[in-house]
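Residues in the sequence shown are numbered from 5 upward in steps of one, following the numbering used here. Structure first, commentary second.
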Amino acid sequence: MADNITLTKAFIEQELPAAPPLYVSVYLMTIATGGTAAEVAGKLGATETDVLYAWGYWKGKGYLQETEEKQTKQQPKLIASQRPEYSPAELAVYMQKSESMKKLFQSAQQKLGKMLNHNDMSMLFSFHDWLGLPVDVIELLLSYCTANGRCGMRYIEKVALGWAEEGITTEEKAVEYIELRKTGFRTIMKAFGQNRLPVAAEETYMKTWLQDYKLPMDVVKMACERTVMQTGKASFAYAEKILKSWKDAGVKSMEDVAALDQAFAAKKAQNTAAEQPAAQAAPKKQNRFINYTQSEWDFAELERLEREQREKW
């Protein structure tokens with residue numbers, strides 16, 4: 005059991021007002037005692053399910069990570085991959101407490117084009133309660149999925165899990181995510197000659213080029229086009245080699261790419277010239293007239309001398 009508990013100012017100002025009071029109690033009791041779900045529930049007079057839900061909430065927020073790593077094997081292990089289920093009575097209570105959640109369900113029905121059943125509402129509520137996504141972010145998530153014609157709840161859950169894992173917990177980050185895939189990924193796939201959605205591994209490459217390397221889109225497109233010309237296919241690994249070398253060379257624009265191309269061409273020409281032996285002059289053919297000095301004749305002068313000679317005759 006911990007003798008002292010330290011809470012950051014950010015946690016107090018941002019997390020405490022937003023989290024359900026029971027979840028705050030579970031969090032404090034967990035880091036104070038390091039007990040099992042049953043032990044924490046017993047101390048708080050709550051159910052073990054409530055404790056598990058609370059652990060999932062704080063895991064989704066990124067808390068208890070350090071505590072979990074320092075805990076012994078007897079201390080609780082948080083399971084972020086296990087989505088909780090909520091009874092109709094529980095959802096009714098939460099909807100009474102949160103007007104925004106009620107509006108989310110109404111908005112979801114319009115976007116999905118159907119009446120939500122209990123499982124749908126339970127899943128949507130878990131995005132907020134379990135994964136820690138704000139309601140406005142869930143609204144954007146639904147808009148993003150349905151705009152692409154993906155209205156299945158399993159697919160939407162998969163996207164929600166991805167957002168939570170990537171830390172997309174604000175409206176600004178959600179808009180950036182959507183714009184990246186709507187414009188950036190689509191442009192790159194088109195440069196590869198592909199008219200399809202990218203798979204997860206391809207998205208990882210594209211995020212690296214645009215977010216980590218911070219390369220302009222026209223530079224990335226050029227690398228993709230050269231990849232297709234060289235390999236005859238959409239090879240993301242080949243394009244990665246090109247873009248990694250450009251990034252290491254400090255490329256920031258198409259002008260930088262042109263400068264690299266010129267430098268490469270000049271070096272290639274220099275190396276080619278150095279590899280070829282110097283052309284040797286063809287030896288002159290040796291014959292008996294080789295040392296004979298030919299005269300340069302003035303035929304006009306010869307004719308004048310000949311006329312003078314005839315006049316004397």
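Glycine included, C-beta positions come from ideal geometry on N, C-alpha and C.
Count the other CB atoms within 10 Å of the CB of residue i; is the residue buried (16 or more) or exposed (fewer)?
i    : result
P21  : exposed
F268 : exposed
M258 : exposed
L201 : exposed
V203 : exposed
G236 : exposed
S29  : buried
V55  : buried
E143 : buried
M33  : buried
H132 : buried
A178 : buried
Indicate whether residue i and residue j have their beta-carbon atoms separated by less than 7 Å.
i    : j    : result
Y217 : F240 : no
A195 : C228 : yes
V139 : L108 : yes
V232 : G197 : yes
G60  : W167 : no
P88  : Y57  : yes
L146 : A112 : yes
Y181 : F129 : no
W213 : L165 : no
Comparing alpha-carbon positions, which option in the options lies nearest residue i?
i    : options                : result
E326 : I192, L146, G136       : It is not possible to answer for residue 326, since the shown part of the chain is limited to 5 through 317.
I322 : R200, Y27, M127, Q215  : Residue 322 lies beyond the residue range present for the chain, which begins at 5 and ends at 317; the question has no answer from this structure.
Y67  : S104, L11, L95, Q86    : L11
R185 : V163, T173, T174       : V163
P92  : K115, K65, E103, L120  : L120
T187 : M221, T173, A278, C155 : M221
K65  : E175, S104, F15        : F15
Q215 : W62, F189, G38         : F189
N152 : K115, E176, M105, T191 : K115
E206 : L219, R230, Y242       : Y242
Going by DSSP in three states, residue i sits in which element: helix, strand or coil?
i    : result
S30  : A small correction: the amino acid at residue 30 is Val; Ser does not occupy that position in the sequence shown. Helix, per DSSP.
N152 : coil
Q64  : Note that residue 64 is Gly in the sequence shown, not Gln. Reduced to three states, the DSSP call for G64 is helix.
M119 : coil
V255 : coil
W2   : Any property of residue 2 remains undetermined from this structure, which presents the chain solely from 5 to 317.
G166 : helix
V203 : coil
R190 : helix
E89  : coil
I294 : For I294, the pLDDT reaches just 49, beneath the cut-off of 50, and the residue's location in the model is therefore unreliable, although a value from the coordinates is still provided. I294 falls in the coil class under three-state DSSP.
I16  : helix
G46  : helix
P24  : coil
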